[in-house]
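Numbering (my numbering), first residue to last: 335 to 677.
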Ligand code: KG4
Ligand code: ZN
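Following this line, the structure appears as structure tokens:
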């Protein structure tokens with residue numbers, strides 16, 4: 335199907351409310367992301383009810399804003415793409431219902447986008463990376479809510495090669511950071527603290543290192559940090575820095591090992607693509623860059639973390655293939671990528 339008009343993307347599956355308008359060729363006409371970090375920080379994590387209410391308050395205004403910036407009236411759109419899973423059900427209902435309402439009012443096709451497909455296809459968005467990545471490639475999704483490795487073989491064609499057995503890697507950074515007295519979300523602060531630390535001082539575990547496949551497990555590493563903190567009693571500034579460096583090094587080494595295994599599981603892969611907030615971590619990036627023979631591709635951070643550009647792009651790819659969804663499509667809090675349709 336030829337798509338001639340821009341597509342509106344809507345994202346509200348976790349704690350970012352976002353909207354974007356993309357031209358059919360993927361050019362970004364307007365985009366906005368509103369982070370709720372400040373609203374959740376004093377609770378030390380995302381509070382679903384607060385997130386849902388904030389999405390409801392902000393999403394309509396953000397959609398109006400990007401349409402105005404793009405100079406596109408709702409009836410001129412070629413479709414509306416809204417994140418419909420996986421994620422927190424309150425936000426999914428807000429994005430999907432708002433998207434369906436707009437589609438119904440203006441007679442537009444609606445696409446229920448899988449958030450993970452949005453992350454997976456970002457590397458194929460023209461202009462997102464130096465040269466768009468060709469299928470098949472490996473995706474390492476390293477965020478606060480997800481930790482998985484996916485073989486991306488085409489639009490709608492995904493095979494999950496490995497996933498976490500317990501925490502997401504960003505969650506592990508946040509928990510380790512909390513043990514070291516850092517505020518949520520602690521990943522960036524832990525990276526900062528680690529700069530002054532000795533990664534070799536504490537012998538921390540490298541979970542699943544060398545184990546077949548590319549599953550992940552982080553809870554044992556976090557518990558090891560907790561034990562060291564308890565053993566030390568009062569922590570000096572150097573203790574905190576050494577623990578942060580040790581934790582970060584253990585994560586980086588483990589991720590590199592998992593990536594090596596993943597590369598062996600998809601012999602024709604063209605690249606190793608990283609996405610999610612943890613992809614911002616320089617030690618992680620350096621370890622992944624040297625993990626295997628594949629080039630490491632990291633979209634700019636604003637497209638690595640949650641955003642609506644990736645949702646609009648996934649919507650465009652689906653509309654081009656005639657893959658619109660019915661207006662009674664129910665949002666799915668759990669929606670594995672393997673269950674996507676390709677035709
Ligand atoms: O993809 P993302 O922005 O959002 C969701 O998970 O929804 O990822 C956020 C996660 C948080 O756990 C945060 O602590 C972690 O990514 N993170 C980092 C860094 N920047 C963000 N972890 C380690 N090092 C960083 N520089
Ligand atoms: Zn995400």
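Beta carbons are placed, not taken as given, at the ideal position from N, Cα and C, and that holds for glycine.
- With a cut-off of 8 Å on Cβ pairs, the stretch 560–580 is in contact with the stretch 536–545, counting three or more such pairs.
- Three or more Cβ pairs closer than 8 Å define a contact, and the stretch 445–460 meets that threshold against the stretch 635–645.
- Between the stretch 425–439 and the stretch 407–417 there are three or more C-beta pairs closer than 8 Å, enough to call the two in contact.
- Going by beta carbons, residue 483 and residue 476 fall outside the 7 Å limit.
- Annotation for residue 586: 617, 618, 621 place their beta carbon closer than 6 Å to its own, counting only its chain and skipping 5 residues before and after.
- Close CB contacts of residue 338 within its chain, under the 7 Å cut and outside five residues either way in sequence, are with 358, 412 (chain order).
- Where residue 553 is concerned, there is no enclosing beta strand (DSSP E), although the alpha helix (DSSP H) around it starts and stops at 553–566.
- For residue 481, the enclosing beta strand (DSSP E) stretches over residues 481–488.
- Looking at 346, 670, 522, the one whose alpha-carbon comes closest to that of residue 393 is 346.
- Taking C-beta separations shorter than 6 Å and ignoring five residues to either side along the sequence, the partners of residue 615 in its chain run 525, following chain order.
- Between the C-alpha atoms of residue 488 and residue 459 there is a straight-line separation of about 13 Å.
- The DSSP-derived three-state label of residue 526 is helix.
- In this structure, residue 363 keeps its C-beta atom at 7 Å or more from the C-beta atom of residue 402.
- In the displayed model, residue 370 falls within coil according to three-state DSSP, outside both helix and strand.
- Residue pairing for residue 344: DSSP places it in a beta bridge opposite 353, 416.
- Near the ligand ZN, meaning a beta-carbon closer than 6 Å to one of its heavy atoms, we find 449, 453, 477, 640.
- Leaving aside the five residues that flank residue 496 on each side, the residues in its chain whose CB is nearer than 6 Å to its CB run, in chain order, 483, 547, 548, 549.
- A contact between stretches requires three or more CB pairs, one per stretch, nearer than 8 Å, and the stretch 622–631 fails this requirement with the stretch 646–655.
- Distances from the CB of residue 483 to the heavy atoms of the ligand KG4 are all 6 Å or more.
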